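Quick note on numbering: our numbering labels position 167 of the sequence shown as 623, and the sequence is numbered without any gaps. The C-beta atom is built at its ideal place from N, Cα and C for all residues, glycine as well. No experiment lies behind these values; they were computed from the predicted model shown. Below is one structure; the comments refer to it alone.
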Amino acid sequence: MNDRYAGFAGSGLGRTLTKRLGLPQPVPLHRYRDGEPPVPGPVLVGGEGRLRGAVGEVLDKLSVELRDPAAVTADGTPPANAALVFDATGIADSGGLRALYDFFHPRARSVYPSGRVVVLGTPPQECAGPAEATAQRALEGFVRSIGKEVGRGVTANLVYATPDADVESTLRFLLSPRSAYVSGQVLRVGPASTVEARQPRVALVTGAARGIGEAIARVLARDGAHVVCLDVPAAGQALSTVANEVSGSALQLDLTAPDAPERLADHLRERHGGMDVVVHNAGILRDRTIARMEPAQWDSVLDVNLSAQERVNTALLGGDLIPAGGRIVSVSSIAGIAGNRGQTNYATSKAGVIGMVRALAPSLSERGITVNAVAPGVIETTMIAKMPLLLREASRRMNSLNQAGQPVDVAEAVAFFADPGSAGVTGQVLRVCGQSLIGA
Numbered sequence: 457m458n459d460r461y462a463g464f465a466g467s468g469l470g471r472t473l474t475k476r477l478g479l480p481q482p483v484p485l486h487r488y489r490d491g492e493p494p495v496p497g498p499v500l501v502g503g504e505g506r507l508r509g510a511v512g513e514v515l516d517k518l519s520v521e522l523r524d525p526a527a528v529t530a531d532g533t534p535p536a537n538a539a540l541v542f543d544a545t546g547i548a549d550s551g552g553l554r555a556l557y558d559f560f561h562p563r564a565r566s567v568y569p570s571g572r573v574v575v576l577g578t579p580p581q582e583c584a585g586p587a588e589a590t591a592q593r594a595l596e597g598f599v600r601s602i603g604k605e606v607g608r609g610v611t612a613n614l615v616y617a618t619p620d621a622d623v624e625s626t627l628r629f630l631l632s633p634r635s636a637y638v639s640g641q642v643l644r645v646g647p648a649s650t651v652e653a654r655q656p657r658v659a660l661v662t663g664a665a666r667g668i669g670e671a672i673a674r675v676l677a678r679d680g681a682h683v684v685c686l687d688v689p690a691a692g693q694a695l696s697t698v699a700n701e702v703s704g705s706a707l708q709l710d711l712t713a714p715d716a717p718e719r720l721a722d723h724l725r726e727r728h729g730g731m732d733v734v735v736h737n738a739g740i741l742r743d744r745t746i747a748r749m750e751p752a753q754w755d756s757v758l759d760v761n762l763s764a765q766e767r768v769n770t771a772l773l774g775g776d777l778i779p780a781g782g783r784i785v786s787v788s789s790i791a792g793i794a795g796n797r798g799q800t801n802y803a804t805s806k807a808g809v810i811g812m813v814r815a816l817a818p819s820l821s822e823r824g825i826t827v828n829a830v831a832p833g834v835i836e837t838t839m840i841a842k843m844p845l846l847l848r849e850a851s852r853r854m855n856s857l858n859q860a861g862q863p864v865d866v867a868e869a870v871a872f873f874a875d876p877g878s879a880g881v882t883g884q885v886l887r888v889c890g891q892s893l894i895g896a
């Protein structure tokens, strides 16, 4: 659905009026397009920590220009950069936090539109003592505030990395246009499994006939996976169209059927020998306040959005159909974090998804499998099109980027978790919400 306000605000007259009236001024976000460089310009790296060398190696692999910190333009101001990266792992106490001000103060306005700010830190629980842990925890407030200040489509995120973490996949994602709608987030990266992923990879995407599920199927296929597109029989025609367009395969199955997990497991075993990536995207809405909600409305939402995921995981993991190096990614929602009026059933199911991911992560790590969740905010789908006008517009503006996201934004986050290089990222919940101002 088109965002008419954003289109108007981007016009000459619109920019003038919205600025004078103090209204939100959303800017077009730069999203990834095939063939473009992973980082669209030079990167300036600051800070003196243990990850400085690793950052340089990643940027070198990406053929990114590393900006000289002493560089200035003809008028004496810092030159523009596609991204600012600060290694804060060397900050050992609160006094050391001054280094953040010294680096960002003269350069905060020098980031490209739709540019990136990434800060690297040490997980507080991994710190040597209370002083270091205090300083490292302070990074969260800094990064979230930067994300709300910079504007112009610039995002800011924090990466907590253990000493033995491989940060390459995470940096590739956060510095690229693939993370256009991810801001104000904290990602934790730990030691990675050394298991080599199967090639080519096979991915299952549930609810793949339309919307976010369709976008996920397309992005995973773009990245080289054979995608098994699953949806209910009623969506069969749309499902077949998506599967054909991504050179994948279609599977019509109602996951709430009593025998669905076993039928799914048998199909995947016989046709593909297992699944390298499982994306739980299928979900439904049956909105009504708890006082007016019918039992069937509660039961159906919990069954589709949460219990079906649990049953499928049990069948696939119990049948050893997700090998070492495998990935499980569940689609949750910020409603599962902040709650939402008229959605007690939906929010309960999506909060349960987050609980499931965090509960499974430790045991699956021992098997070399990661499990993570993506929590979308307001995304331009048929659901937002059905909202009343004023509520729809308010929902679109209630984030630091002043706009709703696109289905591809969720898909890119799923692809990051599914990446073979993301072996050190598990038990995480990544909000794709433009740094929503609700539940932050």
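Going by the DSSP bridge assignment, what does residue i pair with across the sheet?
i	result
leucine 660	Val684, Val734
phenylalanine 542	Gly502, Val575
asparagine 903	The shown model of the chain, from 457 to 896, leaves out residue 903, and the question about it has no answer.
arginine 797	In DSSP, arginine 797 forms no bridge with anything.
threonine 826	Arg783
valine 888	Pro832
proline 586	DSSP, once it has assigned bridges, lists no residue as partnering proline 586.
valine 567	Asn537
proline 647	Ala621
glycine 861	Ile835
asparagine 855	Ser892
Assuming residue i and residue j are in contact, meaning their beta carbons sit under 8 Å apart, how far apart are those beta carbons, in whole angstroms?
i	j	result
valine 638	alanine 874	Incorrect: roughly 15 Å between the Cβ atoms, too far for contact.
leucine 627	glycine 577	At roughly 14 Å, the Cβ-Cβ gap does not stay under 8 Å, so leucine 627 and glycine 577 are not in contact.
valine 499	arginine 460	So it is not a contact: roughly 35 Å between Cβ atoms.
valine 830	valine 881	With a Cβ gap of about 12 Å, valine 830 and valine 881 do not count as contacting.
glycine 798	aspartate 715	Rounded, the Cβ-Cβ distance is 33 Å, inconsistent with contact.
leucine 676	leucine 724	About 16 Å; that fails the 8 Å criterion.
leucine 893	methionine 854	5 Å
valine 885	isoleucine 810	5 Å
Which residue's Cα is closest to the Cα of residue i: the options?
i	options	result
arginine 767	Arg797, Pro779, Leu741, Arg719	Arg719
glycine 491	Ile894, Asp759, Asp679	Asp679
alanine 879	Trp754, Ala591, Arg783, Leu777	Arg783
glutamate 596	Pro579, Ser892, Ala841	Pro579
glycine 861	Glu836, Thr882, Met854, Gly466	Glu836
serine 763	His728, Pro717, Asp722	Pro717
proline 689	Val683, Ala699, Asp710	Asp710
glycine 877	Leu707, Val645, Ser705, Gly775	Val645
arginine 487	Thr545, Ala530, Pro633, Pro569	Pro633
alanine 548	Val514, Thr529, Gly505	Gly505
arginine 852	Gln891, Thr826, Gly883, Ala871	Gln891
tyrosine 557	Glu588, Gly503, Ala871	Gly503
alanine 752	Asn801, Gly792, Asn796	Asn801
asparagine 796	Pro535, Leu469, Leu847	Leu847
leucine 518	Asp687, Asp722, Val606, Ser625	Ser625
alanine 564	Pro534, Gly546, Leu485	Pro534
glutamate 726	Gly739, Ile746, Gly775, Asp759	Gly775
valine 514	Phe629, Gly669, Met749	Phe629
glycine 509	Met749, Pro818, Pro779, Pro619	Pro619
serine 550	Pro562, Ala587, Arg814	Ala587
valine 785	Thr529, Leu660, Thr590	Leu660
glycine 497	Ala681, Asp516, Gly585, Gln481	Asp516
asparagine 458	Lys842, Phe560, Ala794	Lys842
alanine 612	Val642, Val813, Gly739, Ala691	Val642
serine 601	Gly585, Ala589, Ser570, Phe560	Phe560
alanine 721	Ser756, Ala771, Ala591	Ala771
State yes or no: is the C-beta of residue i within less than 8 Å of the C-beta of residue j?
i	j	result
valine 575	valine 599	yes
arginine 593	valine 483	no
valine 541	valine 520	no
alanine 621	arginine 572	no
asparagine 769	serine 805	no
valine 665	alanine 636	Checking the displayed sequence, the identity of residue 665 turns out to be alanine instead of valine. Result no, Cβ atoms of alanine 665 and alanine 636 do not sit closer than 8 Å.
valine 409	glycine 704	This structure leaves residue 409 out entirely; the chain is present only between 457 and 896.
glutamine 859	alanine 462	yes
glycine 431	aspartate 687	Outside the modelled stretch of the chain, which goes from 457 to 896, sits residue 431, for which no answer is possible.
alanine 780	isoleucine 825	yes
leucine 857	leucine 631	no
alanine 817	glycine 729	no
cysteine 889	glycine 833	yes
asparagine 737	valine 787	yes
Does chain D have any CB closer than 8 Å to the CB of residue i?
i	result
valine 768	Protein chain content of the structure displayed is limited to a single chain, and chain D is not contained in it.
Could you tell me if the beta carbon of residue i falls within a distance shorter than 7 Å of some heavy atom in the ligand ZN?
i	result
phenylalanine 542	Absent from the structure shown: the ligand ZN. Ligands present: none.
Inside the region 705 to 729 only - alpha helix (DSSP H) runs reaching at least 4 residues: 716 to 728
Contained beta strand (DSSP E) runs [length at least 3] in the region 508 to 555, N- to C-terminal order: 537 to 543
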